[in-house]
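All residue numbers for the sequence shown refer to this note's numbering, where the first residue is 1 and numbers rise by one.
Idealized CB from N, CA, C, for every residue including glycine.
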Amino acid sequence: MTTLSAFLPIDRRVALAEGRELPDRAEGAALFADISGFTPLTATMRRELGARRGAEELIRHLDAVFAELIACIHRYHGNVIGFSGDAITCWFDDATPEEGATAAGRAAAAAFAMQEYMTRLEAITTPGGTRIPMAVKIAVAAGPARRFLVGDPRIHVIEVIAGRTVERALCRGGCNCGRGGRAARAANPPGGR
């Protein structure tokens, strides 16, 4: 997987290659995963290595952890919709064919694989010898969702997934949704424009 490929969901890539649009309404399962440990890791890296080198080392660790988590999502035919800090929002479409496996079942299997990886990882040891515990909180919700692109294709578009199914996953996953709020999750590509 190339770094930039993580920012375009697999099903969107396939649709583009086939010259078709993804339907804006879908049935499936939303998965929201929030990694804990990167905030103290950031502070420790900065203290031990300075701002620039600490940031470089942090990015190396972030990339490694996200690469493994994304591999778990893809292994169970899920799509990474977006990133928000140290959190990731994913979609498992019911239309994705896999004999005997529902979208919710595939999302749950991916969640277990992600938890297993984070349990093995346990902690990241900094160059100064400080061990920073790492963990992930994951929520899965199944049902309908809306998927669409927002923006001007000549300038920039973002992938969005929205609806009560996504809202339930985000709220159960620790995202502060607010009372009666609606949730939508958008991809944040490199450069954050």
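Let me confirm a value: residue i is counted as buried when at least 16 other C-beta atoms fall within 10 Å, else exposed. Which label applies?
i: E167; result: buried
i: E99; result: exposed
i: V14; result: exposed
i: H61; result: buried
i: E159; result: buried
i: I81; result: buried
i: I155; result: exposed
i: P127; result: exposed
i: V150; result: exposed
i: A51; result: exposed
i: T119; result: exposed
Alpha carbon to alpha carbon, how far is residue i from residue j?
i: G54; j: A123; result: 17 Å
i: G78; j: W91; result: 6 Å
i: A30; j: T89; result: 7 Å
i: T42; j: F7; result: 23 Å
i: T39; j: A95; result: 37 Å
i: A145; j: A169; result: 11 Å
i: E57; j: E68; result: 17 Å
i: H74; j: R20; result: 21 Å
i: A87; j: F32; result: 7 Å
i: A48; j: I132; result: Correcting the residue type first, residue 48 is Glu in the shown sequence and not Ala. Distance between the alpha carbons of E48 and I132 is about 13 Å.
In the DSSP assignment, what are the bridge partners of residue i?
i: C90; result: L31, V80
i: I70; result: Answer is none; I70 lacks a bridge partner.
i: I132; result: I124
i: A26; result: A145
For the beta strand (DSSP E) that contains residue i, what are its first and last residues?
i: D152; result: 135-152
i: I158; result: 156-162
i: A108; result: Premise fails: A108 lies in the alpha helix (DSSP H), 103-121, not in any beta strand (DSSP E).
State the start and end residues of the unbroken alpha helix (DSSP H) segment that holds residue i.
i: T42; result: 38-49
i: R13; result: 10-18
Given a cut-off of 9 Å on the beta-carbon distance, is the pair residue i and residue j in contact?
i: C72; j: M114; result: yes
i: P23; j: R147; result: yes
i: D93; j: A103; result: yes
i: V157; j: D34; result: no
i: G143; j: E27; result: yes
i: V140; j: A107; result: yes
Does chain D have any CB closer than 9 Å to the CB of residue i?
i: A17; result: Absent from the structure: chain D. Only one protein chain is present.
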